[in-house]
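In UniProt numbering, the protein residues as written are 1 to 289.
All residues carry an ideal CB built from backbone N, CA and C; glycine is no exception.
Just so you know, these numbers come straight off a predicted model, no measurement behind them.
Okay, structure first, notes after.
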Amino acid sequence: MSISDTERAHILEALQHQRNALATTRITGEPGEIGKGLVHLAELHGMLEDHAESRRHYEEALGYFQTAGDKHGQAQVYFGLGVARANFEDHRGAIEHIAKAAFLFNELKDQENEALCRAAIGESLRSLGQAKAAEEKYQEALLLYRQSKNGPRIAQLLLDIGDIRMEAGEYEAARKRFAEALPLLEKEGEPEPLALCRLLLGEAEGLLGNHNSARPFLQAAVDMYSDLHDHVYEARARWDLSIAYTFAQEWKAARAELEAVIPLFEEQGRHDDVARARKVLAHFDARGV
Numbered sequence: 001m002s003i004s005d006t007e008r009a010h011i012l013e014a015l016q017h018q019r020n021a022l023a024t025t026r027i028t029g030e031p032g033e034i035g036k037g038l039v040h041l042a043e044l045h046g047m048l049e050d051h052a053e054s055r056r057h058y059e060e061a062l063g064y065f066q067t068a069g070d071k072h073g074q075a076q077v078y079f080g081l082g083v084a085r086a087n088f089e090d091h092r093g094a095i096e097h098i099a100k101a102a103f104l105f106n107e108l109k110d111q112e113n114e115a116l117c118r119a120a121i122g123e124s125l126r127s128l129g130q131a132k133a134a135e136e137k138y139q140e141a142l143l144l145y146r147q148s149k150n151g152p153r154i155a156q157l158l159l160d161i162g163d164i165r166m167e168a169g170e171y172e173a174a175r176k177r178f179a180e181a182l183p184l185l186e187k188e189g190e191p192e193p194l195a196l197c198r199l200l201l202g203e204a205e206g207l208l209g210n211h212n213s214a215r216p217f218l219q220a221a222v223d224m225y226s227d228l229h230d231h232v233y234e235a236r237a238r239w240d241l242s243i244a245y246t247f248a249q250e251w252k253a254a255r256a257e258l259e260a261v262i263p264l265f266e267e268q269g270r271h272d273d274v275a276r277a278r279k280v281l282a283h284f285d286a287r288g289v
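As structure tokens, then:
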């Protein structure tokens, strides 16, 4: 997600402060302190999407943490290096680094960070097209997050696993995952993941032929994405909702969604989708509905 100009200015200011602080720490500090300062610099560069500079600071930090015998610091660095490699689409390199981090966090009995690592490995495996292996890593992370009762992380993994099941055509298994995630996300109240969960749950219900069950989830997703001014996902939700209404033969409601989705498609330059929506409307006209 891109950052605003104001956020960028704050990060640049923090970056300069950290450079100044690190200059002093290099003279007076212990190796572990220098390593932590470098990690902070690396993280700030990562927030600016300057992944090459981020990687450079992580690599330097690793040597200091090794000198200090700081395993937690080393694990942080390996994870950061993995994230940097993933941002350069080097997912095999990312997996290699993050696996080292996971091993160290396991040694340190740090379940939260070990789970974060396993989930990140899953993301890289999925990017490599290895969906089954990715799901295995997501499941490993899910088990750890369940133990620590981390609701938001549990919900995100359930969405990821459900999405993999959707891609495999296993719609009932996907529906169960999305349904399990929904109350967790409702409790947290974060709009974007909640809207996505409702959309995915509605789509899964629709693909199972449960169009009446799909409609309230899709309508909620439409409303939320409209409020968020996310026209890409609003269009997806409205198109799905039009299908649900069509199957229920509620022609007026289906027409309203199609008429609402056309300008959203036009705004995005999705001319084939505009033509498809107009074709359905023409079909309604021909049938007099």
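Residue environment, Val232, which counts as buried when at least 16 other CB atoms sit within 10 Å: Its Cβ having fewer than 16 others within 10 Å, Val232 is exposed.
Touch test, the region 74-86 against the region 55-63, Cβ-Cβ under 8 Å, three pairs minimum: Result yes; three or more Cβ-Cβ pairs closer than 8 Å.
Nonlocal neighbours in the same chain, by C-beta distance under 6 Å from Asp160, ignoring five residues either side: Within its own chain, the residues whose Cβ lies closer than 6 Å to the Cβ of Asp160, once the five positions on either side in sequence are excluded, are Tyr138, listed in chain order.
Beta-carbon contacts of Asn87 that lie in its chain and below 7 Å, excluding the five residues immediately before and after: The answer, listed in chain order, is His51.
Lys100 in three-state terms, based on DSSP: DSSP places Lys100 in helix when its eight states are reduced to three.
CA-to-CA distance, Val222 to Asp230, given in whole angstroms: The alpha-carbon atoms of Asp230 and Val222 are separated by roughly 10 Å.
Backbone secondary structure at Arg126 - three-state DSSP: Note: Arg126 maps to helix in three-state DSSP.
Touching by the beta-carbon criterion (3+ pairs, under 8 Å), the region 89-108 and the region 62-70: The region 89-108 is not in contact with the region 62-70.
CA nearest to the CA of Arg198, picked from Asp227, Ala282 and Ala237: Nearest of Asp227, Ala282 and Ala237 to Arg198, Cα basis: Ala237.
Asp163, buried or exposed, once every other Cβ within 10 Å from all chains shown has been counted against 16: That one is buried.
Continuous alpha helix (DSSP H) stretch holding Val222: start and end: Its alpha helix (DSSP H) spans residues His211 to Leu228.
Residue environment, Glu7, which counts as buried when at least 16 other CB atoms sit within 10 Å: By the 10 Å Cβ count, Glu7 comes out exposed.
Minimum C-alpha distance to Leu157 - residue among Glu172, His10 and Leu185: Answer by Cα proximity: Leu185.
Residue burial classification, Arg26 (beta-carbon count within 10 angstroms, cutoff 16): That one is exposed.
Contact check, Lys100 vs Gly151, beta carbons under 8 Å: Their beta carbons are not under 8 Å apart, which means Lys100 does not touch Gly151 by this criterion.
Buried or exposed (CB count within 10 angstroms, at least 16 for buried), Glu234: The residue in question, Glu234, is buried, as its Cβ has 16 or more Cβ neighbours within 10 Å.
Residue nearest to Met47 in terms of C-alpha spacing, selected from Asp5, Ala75 and Gly35: The candidate whose alpha carbon is nearest that of Met47 is Asp5.
Rounded Cβ spacing between Gly32 and Gly63 (contact assumed at less than 8 Å): Separation of the CB atoms of Gly32 and Gly63 is rounded to 12 Å, and the pair is thereby denied contact status at 8 Å.
Straight-line Cα distance separating Thr246 from residue 292: Because the chain in this structure spans residues 1 to 289, residue 292 falls outside the shown range and cannot be described.
Cβ pair Leu144, Glu114 closer than 8 Å: Result yes, Cβ atoms of Leu144 and Glu114 sit closer than 8 Å.
Pair within 8 Å by beta-carbon distance, Met166 and Ala174: A contact, by the Cβ cut-off of 8 Å.
For Lys132 and Ala21, the rounded distance between their alpha carbons: Roughly 46 Å between the two C-alpha positions.
Continuous alpha helix (DSSP H) stretch holding Val83: start and end: Run containing Val83: Lys71 to Asn87, per the alpha helix (DSSP H) assignment.
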